[in-house]
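First the structure, in the form of C-alpha cells, and then the observations on it.
Residue numbers (this note's numbering), protein chains in the order written: chain U, 14 to 94; chain W, -5 to 224.
Okay, here's the thing in C-alpha cells:
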C-alpha cells in the first residue's frame, strides 16, 4: 500500500483478515494516503458505523444493496470536494 | 425423623452422679452402655432412613437427568443434523454464486452485443433473457435448502428448551468459551453488526445527511445524530 499511489479507495466493511474500518484507519495513518478519497460500500447500516467511519475520515458511505448510479454519484461528489 | 428418648439415660446419669465419691459399679457401666445403645439406635435408624431417602432421590434425579440428556439427542445433533445443515448452506452459497455469475455474464453479453442488426440483436437479447430467467430459478432450490436449515435450528431449539425446562436450569452469565469471547469482543470493537433487517438500519438518505452535517470542520451535528435516534 505504501509503495503505490492510489487515486481512490472503495472498500467493503466486513472483510477478513482486516475489516474496511481498520483499512480506513490504516490508510488515514499513512502520510502518502491520508488525503486519498475513501468510499465505504457496505451492508453495515447502523448509525454508529457511519459515525465511526466519518470520525475515521471516510469521504463517503454507500449502503448495500446499491446501484451503479449511486456509486457514480458518490464518486463524483468525492472528487468535486 | 423421630427424636431418640433419652429419659432413661438422663435418669441413669443422674443416679451415677448421686454416687459421687463412691466407686461406679460394673452393673452401672453395663446399664449405661445398654441404655446408650437403645437410645441412639432409634436415632441412627431414623437417620439411616433419611439418608436412604435422600440417596434414593438423588438416584432418581440422576436417572431422570440421563433420560433428559438422552432425549436431547446431542450425538445426533452434533454428528448428523448440524453437518447436514452446514452442507445445505454451502450448497446455497454455491448456487447463489453460480446464478449470479450466469446472470452477470448474460448481462455483459447483452451489453456487448452488436445492435446494428435489430432482428439479430433481439434474438440475442431474448436468448440471454431466457438464460437469466432460468438462472433465477436458483431461488426456489435455495429457499428449500434454507427451510431445511431452519428446521434443524428449530429441532435443536426445541430439544435444548425441553432439556433446560426439565433440569430447571437458568443461563449463567458470561458462559462463553475463550474463542467466543474473543469473537464477541472483536465484533464489538470493529462494529461488525452485519446486514440489518428492514427498519432496523438506516437508509442511504440518512447516511448522506449524517455525512454532510457540518462538513466544514468535520464535526458531527448532534441534532442530526439525535434525529436519527428519535
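Glycine is no exception: its CB is placed at the ideal position from the N, C-alpha and C atoms. Nothing here was measured: the structure is a model prediction, and the numbers come from that model.
Let me know the secondary structure DSSP gives residue 51 of chain U once reduced to three states.
-> What you label residue 51 of chain U is simply residue 38 of the first chain in a count that begins at 1. It is a strand residue.
Whose Cβ in chain W lies nearer than 8 Å to the Cβ of residue 76 of chain U?
-> Counting from 1 along the first chain, the entry for residue 76 of chain U is found at position 63. In chain order: 195, 196, 197, 198 and 201.
From which residue to which residue does the beta strand (DSSP E) around residue 73 of chain U run?
-> Taking the first residue of the first chain as 1, we reach residue 73 of chain U at position 60. Where residue 73 of chain U is concerned, the enclosing beta strand (DSSP E) stretches over 73 to 76.
Using the rule of at least 16 other Cβ atoms within 10 Å of the residue's Cβ for burial, across every protein chain shown, is residue 226 of chain W buried or exposed?
-> Any property of residue 226 of chain W remains undetermined from this structure, which presents chain W solely from -5 to 224.
Measuring alpha carbon to alpha carbon, tell me which of W:58, W:97, W:47 and W:20 ends up nearest residue 156 of chain W.
-> For this step, residue 156 of chain W is matched to residue 162 along the second chain. When each option's Cα is compared against that of residue 156 of chain W, the closest is W:58.
Between the Cα of residue 23 of chain U and those of U:45, U:36, U:68 and U:42, spot the shortest distance and give me the residue it belongs to.
-> Working through the first chain from its first residue, we reach residue 23 of chain U at position 10. It is U:36.
Output the distance between the C-alpha atoms of residue -4 of chain W and residue 47 of chain W, rounded to the nearest integer angstrom.
-> Reading the second chain from its first residue, position 2 is the one you call residue -4 of chain W. Reading the second chain from its first residue, position 53 is the one you call residue 47 of chain W. Note that residue -4 of chain W scores 48 on pLDDT, short of 50, meaning its location in the model is unreliable; the coordinates nonetheless yield the value given after this. Distance between the alpha carbons of residue -4 of chain W and residue 47 of chain W is about 15 Å.
Is DSSP giving residue 24 of chain U helix, strand or coil here?
-> One-based indexing of the first chain puts residue 24 of chain U at position 11. Strand at residue 24 of chain U.
Contact list for residue 188 of chain W against chain C, beta-carbon separation under 8 Å = The chain labelled as chain C is not found among the protein chains of the depicted structure, namely U and W.
Note down, in chain order, every chain U residue with its Cβ under 7 Å from the Cβ of residue 147 of chain W.
-> Counted from its first residue, the second chain places residue 147 of chain W at position 153. Ordered by position in chain U, no residue passes the 7 Å Cβ test against residue 147 of chain W, which lies about 22 Å from the chain.
Can you tell me whether DSSP reads residue 187 of chain W as helix, strand or coil?
-> Residue numbering aside, residue 187 of chain W sits at position 193 when the second chain is read from its first letter. DSSP places residue 187 of chain W in coil when its eight states are reduced to three.
Determine, using beta-carbon pairs with one atom in the region 177 to 191 of chain W and one in the region 49 to 59 of chain U, whether at least three such pairs fall under 8 Å.
-> yes
Near residue 29 of chain U, what residues of its chain come up, given a Cβ to Cβ distance below 7 Å and the 5 sequence neighbours on each side ignored?
-> Along the first chain, one-based indexing puts residue 29 of chain U at 16. Cβ within range, chain order: n/a, list empty.
Would a check of beta-carbon distances place residue 83 of chain W closer than 8 Å to chain U?
-> For the purposes of this step, residue 83 of chain W is taken as the residue at position 89 of the second chain. Output row for residue 83 of chain W: interface = no.
Among residues of its own chain, excluding the 5 on either side of residue 38 of chain U, which ones have a beta-carbon nearer than 7 Å to its beta-carbon?
-> Within the first chain, the letter at position 25 stands for residue 38 of chain U. Counting only Cβ-Cβ distances below 7 Å, and skipping sequence neighbours, we find 69.
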